[in-house]
Amino acid sequence: MSDQPDTAVAEEADPLAEYAAGITERLGADGFSVEFGTVRVFVDRDKWVETINDARKELPFFSWLSAIDWSKETEVGEGVADPDDLVERFEVMCRLSSVTNADGAIFFATLPKDDATIGSLTATIGGAEWHEREAHEMFGIMFEGNDNLIPLYLPDAFIGNPLLKSFPLIAREVKPWPGDVDVEGLPEPEEVLAAEEATP
Amino acid sequence: MSFLLELGIKVILMLAVVLTAALVTIYAELKAGSHMQTRIGPYYAGGKWGWAQPLADGAKFIQKEDLAPAKADRTVFGFAPYVVMMSTLAVFAVIPMGPDIVATNLDLGVYFILAISSLSVLGVLMAGWSSANKYSLIGGLRAAAQLIAYELPLVLAVVAVVVQAGTMSMNGIVEAQQATLFTIGGVEVALPYILSGQIIGFTIFMIAAVAELSRIPFDMPIAESELTMGYLTEYSGIRFTMFFLGEYASLVALSAIATTLYLGGYAVPFLPESMENFAGPGIFLIKVSFLVFLIIWIRWTWPRLREDQLQSMAWRWLIPLALFNIALISVFKVVL
Amino acid sequence: MTSKELMHRSEVAVSVELETPDMTLNIGPQHPSTHGVLRLIAKVDGERITEVEPVIGYMHRGYEKLSEVRTYLQITALVNRIDWVSGFANEVPFILGVEKLMGVEAPERAQWIRLILSELFRISSHLVFMSSYPLELGATTPLMYVLREREHILELIEGVTGGRFHPNFNRVGGIKPNYGGGKQTKTQSMDLPAGFFKATLKAMDSIDQICDDIDTLVTGNELIRARTVDVGVIPADKAIEYGMSGPNLRASGVAYDLRKVENYLPYDQLDFDVISRPGGDCYDRYIVRLLEIRESAKIVRQAIDMIPVGPLQAKVPRVLKVPSGQVYSRAENPKGEFGYYIVSEGGKMPYRLKIRSTSFSNLTILPWILKGQLIPDLVAIMGSLDFVLGDVDR
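Residue numbers (the numbering used here), protein chains in the order written: chain A, 1 to 200; chain B, 201 to 536; chain C, 537 to 930.
In structure tokens:
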């Protein structure tokens with residue numbers, strides 16, 4: 001995926017792209033992207049709280065808040081497609097949506113790894129507290145203004161941020177994953193194939 | 201016959217009757233509840249219809265370890281089930297199952313019953329406090345609050361019966377219900393109090409009785425979805441069995457009191473008095489089982505009220521209604 | 537002065553005179569009404585809760601991390617364990633998201649089968665609520681009658697998918713072909729077991745019947761009304777702020793149903809109503825679910841009329857590699873909005889999978905709503921939110 005999050009990839013006539021462009025302009029955000037029917041709006045992290053609060057005037061429903069760890073090296077799973085071009089960073093994302101139609105957007109803010117701090121939404125969105133606590137314990141992101149960042153899921157004495165790409169999955173280290181065979185594809189009995197052929 | 205021998209026989213007979221009745225009630229609850237819930241219920245114990253299930257349960261409970269929390273006040277904790285059991289058993293001393301089939305025919309029978317049956321809440325409060333468990337404590341306090349709220353309508357309902365009967369003896373009240381009320385074509389008709397003016401009193405008495413038994417819809421002291429098991433939370437083994445038996449024994453006891461006070465006790469209309477000692481216990485037990493079934497039925501049908509709703513129902517509805525009932529009965533008593 | 541005001545005044549007066557020290561009451565993680573392992577640390581003043589601190593995470597299984605080391609097909613088996621009462625409904629948005637990324641679309645018949653199964657799971661999930669909610673209020677009997685009817689639904693689901701709780705039935709581009717299916721012809725593919733439609737229609741009739749039974753046994757009961765009406769009122773703006781969705785949001789007067797607004801599965805061809813109630817109290821949340829069972833039965837009947845014949849599986853490569861891209865895909869789970877944010881970097885496994893689980897968001901309101909309530913109302917309110925701990929902890 002692109003690391004310059006500023007342009008729409010969809011064609012001009014797409015109503016979703018028009019909508020995304022509109023909301024980006026109204027909020028004064030940095031840019032937007034529309035792919036696969038998902039509207040993403042990119043926000044400067046210093047304007048995070050005020051942008052989200054403005055956006056809630058038209059998209060009141062707070063759906064969720066989370067983060068992505070963009071990392072060159074990964075302990076588990078598959079890494080990014082081209083690690084050489086990657087800027088190591090966190091992305092904090094928050095989805096807001098309408099409660100009358102399908103409108104909705106995911107707001108993104110980029111945080112550098114050495115200064116993973118962003119404003120807290122809890123002052124205006126009560127529901128954000130648990131989501132921020134989760135993001136804090138899973139990624140180590142600080143939310144300024146949320147003074148209740150105690151672990152939500154993890155035990156109190158737990159050290160580490162499990163959703164970081166650098167955090168190993170101990171179970172995999174202890175025992176090789178039995179499901180790690182190359183996927184054989186779906187079973188395709190003749191009947192299903194025949195049925196497939198029967199349709200134009 | 202020496203006094204001690206007589207006392208011993210009476211105690212043993214009464215224990216046998218009451219505990220058997222409690223076991224039968226437990227079985228009835230298991231079975232009736234099951235059928236109301238499209239289940240079969242106990243099926244295997246005892247060979248047929250699972251009749252021995254309460255005994256098997258009892259044997260199981262006795263085998264269980266008798267645990268007490270480390271911080272519990274052990275003396276009080278251990279004593280509480282016996283207080284509950286004692287107060288329940290003592291009620292049966294004055295309940296007549298026939299003109300002469302009664303342990304003691306006290307002149308102040310009604311007074312004795314009201315006094316002694318209130319003692320059970322003391323046991324509950326002891327259990328709740330001594331368990332060193334907050335759920336138990338809340339349960340015990342709820343039970344105490346419930347008792348204060350429901351003892352009043354219960355007493356007031358009974359007062360109306362005493363006014364109508366003119367006696368406080370349980371036997372006397374049964375006999376008063378056999379007095380001729382009116383005559384149709386030369387046939388003297390005597391009716392139990394529920395049919396001759398006490399229908400309001402009977403309703404109040406039954407509501408208050410269910411509340412005193414802490415059964416649904418008034419089972420807030422044990423409310424398992426809120427307080428796990430309330431004051432019973434920490435009890436196990438034989439002590440839990442005592443509570444459990446005590447609960448069902450007092451279910452029988454309150455049904456027996458209601459039978460005596462409102463349903464004519466061991467008597468039925470047109471039964472000659474000479475037959476009463478012979479047929480009385482049977483008649484009495486049939487009436488009691490009817491009331492027991494009614495209470496079981498309520499339990500398996502209704503949800504639970506909230507403590508404050510129970511309080512407002514008692515203080516704002518039942519007590520004024522009971523006072524009105526006394527006034528009504530007194531007027532009738534004077535006029536008729 | 538009305539009697540309510542008088543009562544309020546007297547309560548205030550009493551609490552001023554009898555100042556009692558707060559007691560910390562630990563509710564859970566093992567407690568009959570916490571649906572599993574939720575823990576609440578409540579500060580109570582007598583029976584009134586002054587403050588409550590929910591503690592979750594006793595069932596945290598780290599599905600988001602585990603998803604990063606599993607192929608897309610393996611994740612399907614994982615996600616239907618999130619909300620185990622409605623497993624199939626969790627698979628649907630994930631599979632739809634992957635299909636969007638891959639640019640494949642499931643054949644029409646597969647989509648209709650997904651729709652029917654989603655609705656069956658919705659009925660099943662709501663029936664669990666219908667049985668457990670009266671139980672929490674102290675009525676034990678509705679449980680038995682309602683679970684008996686739910687068994688018909690589970691049998692249908694088992695007949696199609698082979699599993700009662702964890703169907704794992706969706707495949708990218710279609711659904712699992714069923715070897716035990718009905719007679720094969722060129723036009724009729726082997727998917728649903730023989731007699732499925734007839735049995736489903738019969739089951740829908742019994743569902744309508746049990747709804748009537750619930751109405752007489754529970755809905756009309758004064759004690760149920762006394763315990764639920766005006767208890768735990770959640771105003772619409774609070775529900776939106778806390779991200780509550782599904783029946784809980786609709787009971788607060790917001791008629792927001794993803795089946796209507798989101799373009800997924802052929803819901804747009806069906807005629808059904810979005811149930812909403814204005815009150816926002818426990819009773820309304822109960823009523824919304826009860827009416828939704830009837831609506832779902834209606835949907836299933838229509839879907840059985842309209843389902844086309846055809847293939848079950850679109851052509852997908854044998855080894856599933858998902859092109860780079862990010863997509864948010866959501867669907868109406870029985871409990872509300874269930875969504876997945878899938879970040880693919882072109883491999884066999886997702887780079888990051890954010891699971892937006894419904895019960896988690898629905899429970900974030902707990903500290904706000906439980907403040908100042910009585911302990912019995914705590915049980916009534918928590919029950920009415922209809923959460924599953926697996927869905928909270930993921």
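In this text, a Cβ means the ideal position worked out from N, Cα and C, and glycines have one as well. Fair warning: this is a prediction, and the values are worked out from it, not measured in the lab.
For residue 254/B against residue 223/B, the beta-carbon gap comes to about 4 Å, under 8 Å, which counts as contact. With respect to chain B, the C-beta atom of residue 882/C has no partner C-beta closer than 8 Å. Within the model, the alpha-carbon separation for residue 217/B versus residue 583/C is close to 40 Å. Taken through DSSP and simplified to helix, strand or coil, residue 562/C comes out as strand. The criterion of a C-beta distance shorter than 8 Å is satisfied by residue 692/C and residue 739/C.
Rounded to whole angstroms, residue 451/B and residue 591/C show a C-alpha spacing of 41 Å. With a 10 Å radius around the Cβ and a threshold of 16 neighbouring Cβ atoms, residue 908/C comes out exposed. Using a CB distance cut-off of 8 Å, residue 873/C counts as an interface residue toward chain A. Within the same chain, and ignoring the five residues on either side of residue 525/B in sequence, the residues whose Cβ sits closer than 6 Å to its Cβ are 360, 400 and 401. Interface with chain C (8 Å Cβ-Cβ cutoff): residue 133/A is excluded.
If you compare the alpha carbons of 478/B, 499/B, 531/B and 405/B with that of residue 296/B, the shortest gap goes to 478/B.
If you check each beta-carbon in the segment 651-678 of chain C against every beta-carbon of chain B, the ones closer than 8 Å belong to 670, 671, 672, 673, 674, 675, 676 and 677.
By the neighbour-count criterion, in which 16 or more other beta carbons inside 10 Å mark a residue as buried, residue 33/A falls on the buried side.
For residue 171/A, no beta strand (DSSP E) run applies; the uninterrupted alpha helix (DSSP H) run containing it begins and ends at 170-174, by DSSP.
Within the segment 21-50 of chain A, contact with chain C at the beta-carbon level (separation under 8 Å) is assigned to 35, 36, 37, 38 and 40. Closest in alpha carbon position to residue 503/B, among 414/B, 488/B, 535/B and 475/B, is 414/B. For residue 383/B, DSSP records a beta bridge to 388/B. DSSP places residue 826/C in no beta strand (DSSP E) but in the uninterrupted alpha helix (DSSP H) bounded by 818-842. The bridge partners DSSP lists for residue 910/C are 584/C. By the Cβ rule, the segment 766-785 of chain C counts as touching the segment 60-75 of chain A, because three or more pairs are nearer than 8 Å.
Around the beta carbon of residue 378/B, a 10 Å sphere encloses 16 or more other beta carbons of the protein chains shown; the residue is thus reported as buried.
Straight-line spacing of the CA atoms in residue 421/B and residue 427/B works out to 8 Å.
Using a Cβ-Cβ cut-off of 8 Å, residue 225/B does not count as an interface residue toward chain C, since no Cβ of chain C sits closer than that to its own. Secondary-structure assignment with DSSP links residue 94/A through a beta bridge to 65/A and 107/A. Within the segment 734-813 of chain C, the complete alpha helix (DSSP H) segments at least 4 residues long are 758-764, 772-777, 783-786 and 794-797, listed from N- to C-terminus.
Annotated three-state conformation of residue 516/B is helix, per DSSP. Neighbours of residue 684/C in chain B, taken as residues whose beta carbon is under 9 Å from its own, are 238 in chain order. In its chain, beyond the 5 residues on either side, 662, 665 and 783 have a beta carbon closer than 6 Å to the beta carbon of residue 825/C.
Residue 904/C reaches chain A at 126, counting residues in chain order whose Cβ is nearer than 8 Å. Between residue 874/C and residue 629/C, the beta carbon gap of about 6 Å places them in contact (Cβ cut-off 8 Å).
For the pair residue 161/A and residue 142/A, the CB atoms are not nearer than the 8 Å cut-off. Just so you know, the alpha carbons of residue 615/C and residue 623/C end up roughly 8 Å apart. With respect to the 8 Å criterion, residue 285/B and residue 445/B are classified as neighbours on the basis of their beta carbons. Residue 474/B is classed as exposed because its beta carbon has fewer than 16 other beta carbons within 10 Å across all chains shown. In the three-state DSSP reduction, residue 665/C falls in the helix class (H, G or I). Straight-line measurement puts the Cα of residue 306/B at about 12 Å from the Cα of residue 292/B.
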